[in-house]
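In the UniProt record's numbering, the protein residues as written are 1 to 130.
So, in C-alpha cells, the structure goes:
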C-alpha cells in the first residue's frame with residue numbers, strides 16, 4: 001500500500017480488529033451524519049428546526065435519531081435551555097471538529113475522482129460483465 005500508513009492484519013484476527021478504521025467509518029459515515037456535521041461546522045450552534053431547514057429532506061424522526069447517536073459518540077453537544085418555551089441547541093464538539101481534515105481530504109478526493117467513478121459506472125452499466 002502506498003504512503004506512510006501501515007495496515008496490519010492477521011488472518012486469525014477478528015476482521016473488525018484487523019481494520020481499525022471500520023469503527024470510525026461506522027460513526028462518521030452513517031446516513032445523514034455528514035450533512036449534520038457539515039451544517040454544524042459551517043453554521044455553528046443550531047436549533048433543531050434550523051438544522052432541519054439547512055439539511056432539507058431529512059425527517060424529524062431520523063434527525064432526532066442521528067443527533068442522539070452523534071451526542072452519544074461525543075461529536076455533538078445538546079444544550080437544553082429551560083425557558084418558556086424550552087429551547088434546545090446542538091453544536092459540534094471539539095472531537096467533531098477534529099474530523100474537519102478528514103472531510104477536507106474526502107472532498108478533495110471527490111473533486112478529483114467522482115467523474116472517474118461515474119465513468120466506471122457508466123462503462124459497467126453499458127457493458128455489464130457476463
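Where is the CB? At the ideal position from N, CA and C, for every residue including glycine.
Quick caveat: nothing in here was measured; it's all calculated off a predicted structure.
Can you tell which of 54, 49 and 19 has its C-alpha closest to the C-alpha of residue 34?
Cα-wise, what sits closest to residue 34 is 54.
Those runs of the alpha helix (DSSP H) which lie wholly inside the UniProt domain "HTH hxlR-type" (19-118) and span at least 4 residues:
22-28, 33-43, 48-55, 60-72 and 94-97
Is residue 65 near the ligand COA, with its Cβ less than 7 Å from a heavy atom?
Of ligands this structure carries none, so the ligand COA is not represented either.
Taking just the CA atoms, how far does residue 130 sit from residue 100?
42 Å
Which of helix, strand or coil DSSP assigns to residue 1:
Unreliable positioning characterises residue 1 in this predicted model, as indicated by a pLDDT of 44, which lies under 50. The coordinate reading is nonetheless provided below. In the structure shown, residue 1 sits in coil (DSSP, three-state: anything other than H, G, I, E or B).
Can you tell which of 116, 66, 93 and 56 has its C-alpha closest to the C-alpha of residue 41?
93
Roughly how far, in whole angstroms, is the beta-carbon of residue 90 from the beta-carbon of residue 46, given that I think they are within contact range, below 8 Å?
6 Å
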